[in-house]
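Residue numbers (the working numbering): 508 to 601.
No residue lacks a Cβ here, since even glycine has one placed at the ideal position from N, Cα and C.
Have a look at this one:
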């Protein structure tokens, strides 16, 4: 019995060291995928591959009938309120 108690104490100490070491390892959060709207001439190509024609103000109508507007800074404002920022050849959306 005298030998069993120290053995349990050593095992518990080693288990605590191992679990605390595992807790310190952190994984990077998964990258959120960005979507891209490409501008080709007077058309935009949406992330799903569908196309729409740009209007004179720089906005367009989505296939579901909702309108995407262009704001004063040149970004596209989606119907859900997200902004797609301009970049070379198109826009990057969250």
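Can you list, in chain order, the residues of its chain whose CB lies under 7 Å from that of residue i, leaving out five sequence neighbours each side?
i: residue 591; result: 544, 582, 583, 585, 598, 599, 600
i: residue 589; result: 600, 601
i: residue 593; result: 581, 582
CB residue i to CB residue j, shorter than 8 Å?
i: residue 568; j: residue 561; result: no
i: residue 574; j: residue 566; result: yes
i: residue 557; j: residue 570; result: yes
Give the DSSP-derived three-state secondary structure of residue i in the structure shown.
i: residue 573; result: coil
i: residue 559; result: strand
i: residue 565; result: coil
i: residue 526; result: Below a pLDDT of 50, predicted positions are generally treated as unreliable, and residue 526, at 48, falls in that range; the measurement from the model is reported next regardless. Helix, per DSSP.
Buried or exposed: which applies to residue i, given that a residue is buried once 16 or more other Cβ atoms fall within 10 Å of its Cβ?
i: residue 547; result: exposed
i: residue 528; result: Because the pLDDT of residue 528 is 49, which lies under 50, any placement of that residue in the model is unreliable, and the question is left without a value.
Who are the near neighbours of residue i in its chain, counting only those whose CB is closer than 6 Å to its CB and skipping five residues on each side?
i: residue 578; result: 584
i: residue 576; result: 566, 584
i: residue 542; result: 554, 600
i: residue 595; result: none
Go through its chain and collect everything with a Cβ distance to residue i's Cβ below 8 Å, but skip five positions before and after it.
i: residue 540; result: none
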